[in-house]
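Everything in the sequence shown is counted per the numbering used here, starting at 40 for the first residue and increasing by one.
A virtual CB, placed ideally from N, CA and C, is assigned to each residue, including glycine.
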Amino acid sequence: MIDEFELLERIRLAVARADAAVEIGIGDDAAAIHLGGGRRLLLTTDALVAGVHFDPVTEPPADVARRAVAANVSDIAAMGGRPRWVLLSLVLPPGTDAAWVETLHKGFADAAAEAGAVVVGGNLACGRDLVLSLTVAGETQAAPLRRSGARAGDLIFLTGPVGASAAGRTAAGTGPAQAHEARSLRARYLHPPFRLDAAAVLARTASAAIDISDGLAQDLGHLADASGVAVALDLHRLPVAFGHPRDPDGAGRALALGGGEDYELAATVPPANLPLLSRLAAEAGIGLYRVGEVVSHHPPGTVLGVERDGSEHALPRTGFRHFG
Numbered sequence: 040m041i042d043e044f045e046l047l048e049r050i051r052l053a054v055a056r057a058d059a060a061v062e063i064g065i066g067d068d069a070a071a072i073h074l075g076g077g078r079r080l081l082l083t084t085d086a087l088v089a090g091v092h093f094d095p096v097t098e099p100p101a102d103v104a105r106r107a108v109a110a111n112v113s114d115i116a117a118m119g120g121r122p123r124w125v126l127l128s129l130v131l132p133p134g135t136d137a138a139w140v141e142t143l144h145k146g147f148a149d150a151a152a153e154a155g156a157v158v159v160g161g162n163l164a165c166g167r168d169l170v171l172s173l174t175v176a177g178e179t180q181a182a183p184l185r186r187s188g189a190r191a192g193d194l195i196f197l198t199g200p201v202g203a204s205a206a207g208r209t210a211a212g213t214g215p216a217q218a219h220e221a222r223s224l225r226a227r228y229l230h231p232p233f234r235l236d237a238a239a240v241l242a243r244t245a246s247a248a249i250d251i252s253d254g255l256a257q258d259l260g261h262l263a264d265a266s267g268v269a270v271a272l273d274l275h276r277l278p279v280a281f282g283h284p285r286d287p288d289g290a291g292r293a294l295a296l297g298g299g300e301d302y303e304l305a306a307t308v309p310p311a312n313l314p315l316l317s318r319l320a321a322e323a324g325i326g327l328y329r330v331g332e333v334v335s336h337h338p339p340g341t342v343l344g345v346e347r348d349g350s351e352h353a354l355p356r357t358g359f360r361h362f363g
């Protein structure tokens, strides 16, 4: 079985070339290219495969488009930037309904517009499987946020609840209360948030950031690896999408840590920046959840769970993996 992250490192080494304009290459949420005058171009790309990342039978094409755009917009947001332009490439099986493709593209255009971007081009090809591939270009006037800037003592914040998307993939309910919760979770899966206002606040206050696409524990582990630190999550503080964060055996906590596709942002903030963070968040009308701290008393890359009584245990870096 191919290990995804070992393969990514081999690819990074295989394609590495020097270019003075490249500020950030492979290994972060997006690439950053110097344009001059303090401007940076941010570039990210992602692919969704039918039957793996979405179900074209049960998921409306506009919702598929929204999720695809959200996955890329979240990468740009994690770098502290704003999305501007979208390119999309489709592989369509023979016999694909043209009306479905048209509705999909309208969904792309609507979702991009909501994020402040426009669709500027793409490509069509015919193949066995339905595949959507997006490239989003964004920009920032400031130095991009990286995964590698966290330092011991920084506090960890989330931009919203986690676990809803994973629960929403299979949500169903029988009674009125259960059906209402199922609809809410399903909506969060189909319509993930764009955390661009929060990104603008974090760009001025955070030391590091990452988007939560593969699962909170796994993605914070990537940030910890890049920064050479360990992270400690206060499990009773987690903004779980359902259930109770203090229930160690609850599905809500498990999906919050390992569900993935929430497209929230996790950021580390130096204590000295907390007053500015509070002021900017209040002015922007956004909520942030303090969920832990960056620590140095464990090996780099460690993700710790801290219970309410102060006991600690290493968390498995569960979450979505492309190769099993």
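Residue state for residue 236 is assigned as helix, using DSSP reduced to three classes. Membership of residue 114 in the alpha helix (DSSP H) is indicated by the continuous run 100-117.
Setting aside the 5 residues that flank it on each side, residue 229 is surrounded in the same chain by 102, each with a C-beta closer than 6 Å to its C-beta; the list follows chain order. Here residue 291 is not near residue 342, since their CB atoms are 8 Å or more apart.
Judged by DSSP in its simplified three-state form, residue 79 adopts strand. C-alpha of residue 67 to C-alpha of residue 350: approximately 32 Å in a straight line. Secondary structure note for residue 329: it is in no alpha helix (DSSP H), and the uninterrupted beta strand (DSSP E) holding it is 328-334. When C-beta atoms of the stretch 106-116 are compared with those of the stretch 174-185, three or more pairs fall below 8 Å, so the two segments count as touching. Taking every protein chain shown into account, the CB of residue 200 has 16 or more other CB atoms within 10 angstroms, so this residue is buried. Just measuring C-alpha positions, the residue of 152, 137, 56 sitting nearest residue 125 is 152. Judged by DSSP in its simplified three-state form, residue 132 adopts coil rather than helix or strand. Each of 134, 118, 334 was checked against the Cα of residue 185, and the nearest Cα belongs to 118. In this chain, the alpha helix (DSSP H) harbouring residue 319 covers 313-323. Inclusion of residue 188 and residue 247 in the CB contact set at 8 Å is warranted, their separation being smaller than that value. Contact check for residue 254 and residue 296: beta-carbon distance about 7 Å, within the 8 Å limit, so the pair qualifies. Here residue 316 has 244, 308 as same chain residues with Cβ atoms under 6 Å from its own Cβ, once five neighbours each way along the sequence are excluded. Counted as a single uninterrupted DSSP element, the alpha helix (DSSP H) harbouring residue 296 occupies residues 290-297. Around the beta carbon of residue 146, a 10 Å sphere encloses 16 or more other beta carbons of the protein chains shown; the residue is thus reported as buried.
Inclusion of residue 197 and residue 133 in the CB contact set at 8 Å is not warranted, their separation being larger than that value.
Contact between residue 95 and residue 86 fails: their C-beta atoms lie close to 15 Å from each other, not under 8 Å. Under the three-pair Cβ rule at 8 Å, the stretch 325-338 counts as touching the stretch 265-278.
With respect to residue 142, residue 100 sits close: the two C-beta atoms are nearer than 8 Å. Residue 74 holds the alpha-carbon nearest to the alpha-carbon of residue 58 among 45, 46, 74. Membership of residue 351 in the beta strand (DSSP E) is indicated by the continuous run 351-353. A distance of 8 Å or more separates the beta carbons of residue 304 and residue 121.
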